[in-house]
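**Student:** Quick note on UniProt numbering: the sequence shown kicks off at 1 and runs consecutively. We put the beta carbon where it would ideally sit given N, CA and C, even for glycine. One structure is given below, represented as structure tokens, and several questions about it will come after.
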Amino acid sequence: MSTTTKAGTHALSLSAVSRNFGGIRAVADISFDVSHGKRLTIIGTNGAGKSTLFNLITGVYPLSSGSISVFGQDVSKQPAYSRAKLGIARTFQTSKLFQGLTVRENLYTSLRQALGEKKISWLANPSESDRLRTESTSILERVDLLKKSDVLVSDISHGESRQLEVAMALAMRPKILMLDEPAAGISPTERGRLVDLLKSLDKEMTLVLIEHDMAVALAVADEVIVMHDGTMFMQGSPDEVRNSSAVRDLYLGSNHE
Numbered sequence: 001m002s003t004t005t006k007a008g009t010h011a012l013s014l015s016a017v018s019r020n021f022g023g024i025r026a027v028a029d030i031s032f033d034v035s036h037g038k039r040l041t042i043i044g045t046n047g048a049g050k051s052t053l054f055n056l057i058t059g060v061y062p063l064s065s066g067s068i069s070v071f072g073q074d075v076s077k078q079p080a081y082s083r084a085k086l087g088i089a090r091t092f093q094t095s096k097l098f099q100g101l102t103v104r105e106n107l108y109t110s111l112r113q114a115l116g117e118k119k120i121s122w123l124a125n126p127s128e129s130d131r132l133r134t135e136s137t138s139i140l141e142r143v144d145l146l147k148k149s150d151v152l153v154s155d156i157s158h159g160e161s162r163q164l165e166v167a168m169a170l171a172m173r174p175k176i177l178m179l180d181e182p183a184a185g186i187s188p189t190e191r192g193r194l195v196d197l198l199k200s201l202d203k204e205m206t207l208v209l210i211e212h213d214m215a216v217a218l219a220v221a222d223e224v225i226v227m228h229d230g231t232m233f234m235q236g237s238p239d240e241v242r243n244s245s246a247v248r249d250l251y252l253g254s255n256h257e
């Protein structure tokens, strides 16, 4: 991904990024750039280091070595909230939803944060802000959850929970959207809707996606990175990765068409 943004910067740049846990090197010497508005998918077998890399980019884990820049600003030693202020929003492999709140109320938590409003009186009266309701309705329509807006999260399906997590990340108005296996455990119909949603994202938004579902991963990506044992095994276009015998042997398996 060599195309740069204005002022000569990339949306995201990693240089020799590594992370050790005791004597184990979970991520080793990873370097890549993501241009503004590009879609990067990171794939790999379980334990390849994908989620650890996400946690390094977002500031959940500190680096052991290397550097990370967001829109040309070195964030290597900055905490997660500082990186979020620069425009990074993410989802997680495990759900971070509030099970006792409705779908819309969960979305309000992200919208309030994005708007910089700290009061939480809306929990008692979520309709007090017309602006929040209007924005939440727009986002829920986009992820096909409007009909479930008043349903408790504990009562929606796993696939709908994944859709809501994407909605909450979008509510943060990110410049860089990072999704950690959004297609995990969802139905074929829901996967199709997810692909349509990701393809419809604002072209100004940069997308970085970890995905185990190859159909989703290759359908939405401009560029694909294959990780193995914490290292970058391959970087190329979706077609290059799809047609690579080395990747098939490593990751896709003999049943891949």
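Cutting at 6 Å between CB atoms, please list the residues of its own chain near residue 149, excluding the five before and the five after it.
**Tutor:** Counting from 1 along the sequence shown, the entry for residue 149 is found at position 149. These residues qualify, in order along the chain: 103, 104, 140.
**Student:** Quick check on residue 36: buried or exposed, where buried means 16 or more other Cβ atoms within 10 Å of its Cβ?
**Tutor:** To locate residue 36, count along the sequence shown from 1; it is residue 36. The Cβ neighbour count for residue 36, taken over all protein chains shown within 10 Å, is at least 16; the residue is labelled buried.
**Student:** Does the beta-carbon of residue 81 have 16 or more other beta-carbons within 10 angstroms, so that it is buried, or is it exposed?
**Tutor:** Residue numbering aside, residue 81 sits at position 81 when the sequence shown is read from its first letter. So residue 81 counts as exposed.
**Student:** Which residues in the same chain have their Cβ closer than 6 Å to the Cβ of residue 154, if we skip the five residues on either side of it in sequence?
**Tutor:** Start at 1 with the first residue of the sequence shown, and residue 154 comes out as number 154. The answer, listed in chain order, is 99.
**Student:** Judging by CA-CA distance, which residue of 169, 193, 216 is the nearest neighbour of residue 205?
**Tutor:** Reading the sequence shown from its first residue, position 205 is the one you call residue 205. Nearest in C-alpha terms to residue 205, of all of 169, 193, 216, is 169.
**Student:** Counting only runs of 3+ residues fully inside the region 158 to 223, write out the beta strand (DSSP E) ranges in chain order.
**Tutor:** 176 to 180, 206 to 210
**Student:** DSSP has residue 89 in a bridge; who is on the other side?
**Tutor:** Position 89 of the sequence shown holds residue 89. The partner list for residue 89 (beta bridge, DSSP) reads 177.
**Student:** For residue 146, collect the residues of the same chain with a Cβ closer than 8 Å to its Cβ; drop the 5 residues on either side in sequence, then sort them by chain order.
**Tutor:** Residue numbering aside, residue 146 sits at position 146 when the sequence shown is read from its first letter. Taken in chain order, the residues that qualify are 137, 140.
**Student:** With residue 179 and residue 166 assumed to form a contact (beta carbons below 8 Å), what rounded beta-carbon distance in angstroms separates them?
**Tutor:** Taking the first residue of the sequence shown as 1, we reach residue 179 at position 179. Taking the first residue of the sequence shown as 1, we reach residue 166 at position 166. Right, their Cβ atoms sit about 7 Å apart.
**Student:** Going by other Cβ atoms of all chains shown within 10 Å of its Cβ, with 16 needed for buried, is residue 230 buried or exposed?
**Tutor:** Mapped onto the sequence shown, residue 230 falls at position 230. Its Cβ being crowded by 16 or more others within 10 Å, residue 230 is buried.
**Student:** What's the call for residue 10, buried or exposed, on a 16-neighbour Cβ count within 10 Å?
**Tutor:** The residue labelled residue 10 in the question sits at position 10 within the sequence shown. Counting Cβ neighbours within 10 Å, residue 10 comes out buried, since at least 16 surround it.
**Student:** Among 177, 193, 171, 217, which has the Cα closest to the Cα of residue 160?
**Tutor:** Along the sequence shown, read from residue 1 onward, the residue named residue 160 stands at position 160. Ranking the options by Cα distance to residue 160, first place goes to 193.
**Student:** Give me the DSSP bridge partner(s) of residue 32.
**Tutor:** Against the sequence shown, residue 32 aligns to sequence position 32. Paired residue(s): 14.
**Student:** I'd like the span of the alpha helix (DSSP H) that includes residue 241, first residue to last.
**Tutor:** By one-based count along the sequence shown, residue 241 stands at place 241. Start and end: 238 to 242.
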